[in-house]
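So for the sequence shown, full-length UniProt numbering puts the first residue at 1; every next one is plus one. Here's the structure we're looking at; comments come further down.
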Amino acid sequence: MTELPADHFEEQDAEAAEARPRAQRKMAPIVPAQNIAGRALVLVIAIMTFLCCLTFGAVTLVRDTASVWENQISREATIQIKPADGLDMEAALSQASQIAGEFPGVKSTRIIDREATARLLEPWLGSGLNIDDLPVPRLIIVTIDENSPPDFAAMRAAITPKLPSASLDDHRTWVDRLVAMARTTVTIGVAVLALMLSATVLTVVFATRGAMDGNGHIIEVLHFVGAEARFIAREFRRHFLVTGMKGAAAGGAAAVLVFIVFSWWSSRNMATPQADQATALFGNFAIGSAGYLGVVLMVLVIGALTAATSHATVVAYLSDIDVRQPDA
1 MTELPADHFE
11 EQDAEAAEAR
21 PRAQRKMAPI
31 VPAQNIAGRA
41 LVLVIAIMTF
51 LCCLTFGAVT
61 LVRDTASVWE
71 NQISREATIQ
81 IKPADGLDME
91 AALSQASQIA
101 GEFPGVKSTR
111 IIDREATARL
121 LEPWLGSGLN
131 IDDLPVPRLI
141 IVTIDENSPP
151 DFAAMRAAIT
161 PKLPSASLDD
171 HRTWVDRLVA
181 MARTTVTIGV
191 AVLALMLSAT
201 VLTVVFATRG
211 AMDGNGHIIE
221 VLHFVGAEAR
231 FIAREFRRHF
241 LVTGMKGAAA
251 GGAAAVLVFI
261 VFSWWSSRNM
271 ATPQADQATA
281 LFGNFAIGSA
291 GYLGVVLMVL
301 VIGALTAATS
311 HATVVAYLSD
321 IDVRQPDA
């Protein structure tokens, strides 16, 4: 049996020792996992997502409020009686309520009492108001059947001769204006949201270009030695997807926190006159389940846009290399 020299075993041990570190060495990603530009991009995406979610929540709130206003047109009408010389206000309120209640299509009538009237005027005239000292009109809320509304012209003709200072208002004129304003606000909000998403896409394009410029020599070497464009693009897409989801999740969480704080503040201040007026216009500042679902979708959309934008940018960059250096 042939004996091998000791030098042969020493060479094998040295080769094995050199092979172990090479086998244990991990492949570095094409795009650095953590750098200053990456952290700045996460912050920018978080801010843009926060603004997008706030805009979406505001649009949802205004849209829901406009829907409530439209429903109120078909549900309620108001009879207003102004003070006059020799007029018994309480008797006039009862008479007008009785006349309106006799019409088909009227479900019920409700007289706004003195305390409620004083609360409505408190934001402008202050507390402790005695409405008997001022010529304050009194109101009657008429609840009507949405499917079979009453004849408002006939109701006016029946009330006005008996109570000349009374007037019937079905709210259509001013509520139609408010609804038109709300729809215009929704349109503007959607346009602003589209601009924010466009700005986010452009930010990701510049960030991807910056990352490629910083690693351009590595990308070109990989491309020229045969690495497929979709492999390189997949590496960038994976990196920017994680970056985008981090920023979008942070921005979405901050927006949800703002919505919760506003809803809590609104519920805590329901008894004040200012909150009553704000609630009458905008509800209780709660965006509802649809708003929160929209925030989640916004986070997913921004994350997907970030990944798709980086992928398209890398593919275009590699195609440009092929055009500039076709022989390579």
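Every residue, glycine too, gets a C-beta built ideally from N, C-alpha and C.
According to DSSP, simplified to helix, strand and coil, what is Ala227?
Locating residue 227 in the sequence shown gives position 227, where the first residue counts as 1. Reduced to three states, the DSSP call for Ala227 is coil.
Between Asp320 and Val44, what straight-line distance do the alpha-carbon atoms span, to the nearest angstrom?
Along the sequence shown, one-based indexing puts residue 320 at 320. Along the sequence shown, one-based indexing puts residue 44 at 44. Asp320 and Val44: Cα-Cα distance of roughly 28 Å.
With burial defined as no fewer than 16 other Cβ atoms inside 10 Å of the residue's Cβ, what is the status of Leu163: buried or exposed?
Reading the sequence shown from its first residue, position 163 is the one you call residue 163. Leu163 comes out buried.
Residue range of the beta strand (DSSP E) that includes Leu139:
On the sequence shown, position 139 is the one that residue 139 refers to. From DSSP, the beta strand (DSSP E) with Leu139 extends over 138-144.
Assuming Gly57 contacts Ala255 under a Cβ cut-off of 8 Å, what Cβ separation, rounded to an integer in Å, is found between them?
Position 57 of the sequence shown, counting from 1, holds the residue named residue 57. Position 255 of the sequence shown, counting from 1, holds the residue named residue 255. Indeed they touch by this definition, with Cβ atoms about 7 Å apart.
Tell me which residue opens and which closes the beta strand (DSSP E) that Ala77 is part of.
Sequence index remark: in the sequence shown, residue 77 carries index 77 (1-based). It spans 76-81 - the beta strand (DSSP E) in which Ala77 sits, taken as one unbroken run.
Classify Met181: buried if its beta carbon has 16 or more other beta carbons within 10 angstroms, exposed otherwise.
As a position in the sequence shown, residue 181 is number 181, starting the count at 1. Exposed: under 16 other Cβ atoms inside 10 Å.
Where does the unbroken beta strand (DSSP E) through Ser108 begin, and where does it stop?
As a working mapping, residue 108 is identified with position 108 in the sequence shown. Residues 106-111.
Closer than 6 Å by C-beta to Leu4: which residues in its own chain qualify, once you throw out the five before and the five after it? Chain order, please.
To locate residue 4, count along the sequence shown from 1; it is residue 4. At Leu4, the pLDDT of 47 sits below 50, so the modelled position is not reliable and the matter cannot be decided from this model.
Does the distance from the CB of Ile81 to the CB of Arg138 come in under 7 Å?
Taking the sequence shown and counting its residues from 1, one reaches residue 81 at position 81. Taking the sequence shown and counting its residues from 1, one reaches residue 138 at position 138. Yes, Cβ-Cβ distance for Ile81 and Arg138 is below 7 Å.
Proximity of His311 and Ala233 at Cβ, strictly below 7 Å
For the purposes of this step, residue 311 is taken as the residue at position 311 of the sequence shown. For the purposes of this step, residue 233 is taken as the residue at position 233 of the sequence shown. Contact flag set, yes.
Determine, using beta carbons only, whether Gly244 and Gly303 come nearer to each other than 7 Å.
By one-based count along the sequence shown, residue 244 stands at place 244. By one-based count along the sequence shown, residue 303 stands at place 303. Yes.
Determine, using beta-carbon pairs with one atom in the region 96-103 and one in the region 114-133, whether at least three such pairs fall under 8 Å.
no
Where are the beta strand (DSSP E) runs, 3 residues long or more, that stay fully inside the region 162-216, in chain order?
166-169
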